[in-house]
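Position in the sequence shown (from 1) plus 233 gives the number in this note's numbering. Accompanying notes for the structure given below.
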Amino acid sequence: FARPAASRSAPVAAAPAAAATDMPAAHFMTTYKIGDDLYDDSFSIDTARGEFLGECGVGISDMVGVGEPKKVSAFEVWLFDKNDTQTVTKVLMSSRAMSDPAVRQRLASRGEPVQVEPGQEIILETPSLQLQAKVVELVYGQGALPAGSYFERLTLELSVWAK
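Structure representation (C-alpha cells):
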C-alpha cells in the first residue's frame, strides 16, 4: 500500500524543479500609449552571471491617418541573438491593417505579419533564444477612422529563454 503513495508523491516533488528550469533568462513589460510618438523600447538579454545573450524590443512600425497624436496601426517585435547574424522580427498589426492586402504586403518586408489579439502569445526564435510576447492589454482607438484601425494602448509581456 505504501508503494502507490510514494509513486504519487514523486511527481509533486519533481514539479517545482521542472518549473525552476523553465524560468526565463529575461522578462520585461512594455506599454505603448497613444501620444508616445517616439515609442521604441529595447532590452538587453543577459544571463544571471551577466553574460550578454542578445537584445529584444518593440517599436512603432506603421501609422494611419494624419494629425497628432500619431495613430499607430502596427508594431515591430524583434529578437537579436548575439550568436546569429539575422534579427528575427514579427509585425503586430491592428485588425484593420491586417485586413488591408496593400498594407499587409508593404509591412511583410519588415517581418512576419501577425494580427494582434488580447491574450495572444507570439513566439520569435533564433538558434539559441526563444522570445514569447504575450498581449496583456489591447485597446483600439476611437474616432473618425474605422474600428480596429489604430492602437490606443498595447501592453506586451516579453519573456526570453536560452535554448
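In this text, a Cβ means the ideal position worked out from N, Cα and C, and glycines have one as well.
Excluding the five sequence neighbours on either side, which residues of its own chain have a C-beta within less than 7 Å of the C-beta of Ala238, listed in chain order? Residue confidence is low: Ala238 scores 36 on pLDDT, short of 50, so the model does not pin down where it sits. Its coordinate-derived value is still stated next. Within the same chain, no Cβ atom closer than 7 Å to the Cβ of Ala238 is found once the five residues on either side in sequence are excluded.
In the structure shown, what three-state DSSP assignment does Gln338 receive? helix
Hey, quick one: how far does the alpha helix (DSSP H) through Arg282 stretch, first residue to last? First-last for Arg282: undefined, no H or E at that position.
Taking the alpha carbon of Lys304 as the point to measure from, which residue in Gly376, Leu391 and Ser392 has its own alpha carbon closest? Gly376
Note down the Cα distance separating Arg282 from Glu350, rounded to an integer number of angstroms. About 35 Å.
Assuming contact is defined by CB atoms lying nearer than 7 Å, are Ala341 and Met326 in contact in what I supplied? Contact: no.
Any contact of the segment 266 to 275 with the segment 378 to 390, i.e. 3+ C-beta pairs under 8 Å? Cβ pair count under 8 Å is three or more, so yes.
Residues near Val336 by beta carbon distance below 6 Å, same chain, minus five either side: Ala330
Evaluate Pro302 with the Cβ neighbour count: other Cβ atoms within 10 Å of its Cβ, from every protein chain shown; 16 or more gives buried, anything less gives exposed. exposed
Give the secondary structure of Glu354 by DSSP, where H, G and I count as helix, E and B as strand, and everything else as coil. strand
Answer yes or no: do Glu288 and Arg343 have a C-beta to C-beta separation smaller than 7 Å? no
Grouping DSSP H, G and I as helix and E and B as strand, with all else coil, what is Leu378? coil
Let's test the definition: count the other Cβ atoms within 10 Å of the Cβ of Pro346 and tell me whether it reaches 16, buried, or not, exposed. buried
Indicate the three-state DSSP secondary structure (helix, strand or coil) for Arg329 in the structure shown. helix
Local conformation of Thr320 per DSSP, three classes: coil
Going by other Cβ atoms of all chains shown within 10 Å of its Cβ, with 16 needed for buried, is Gly290 buried or exposed? Classified as buried, Gly290 has 16 or more neighbouring CB atoms from the shown chains inside 10 Å of its CB.
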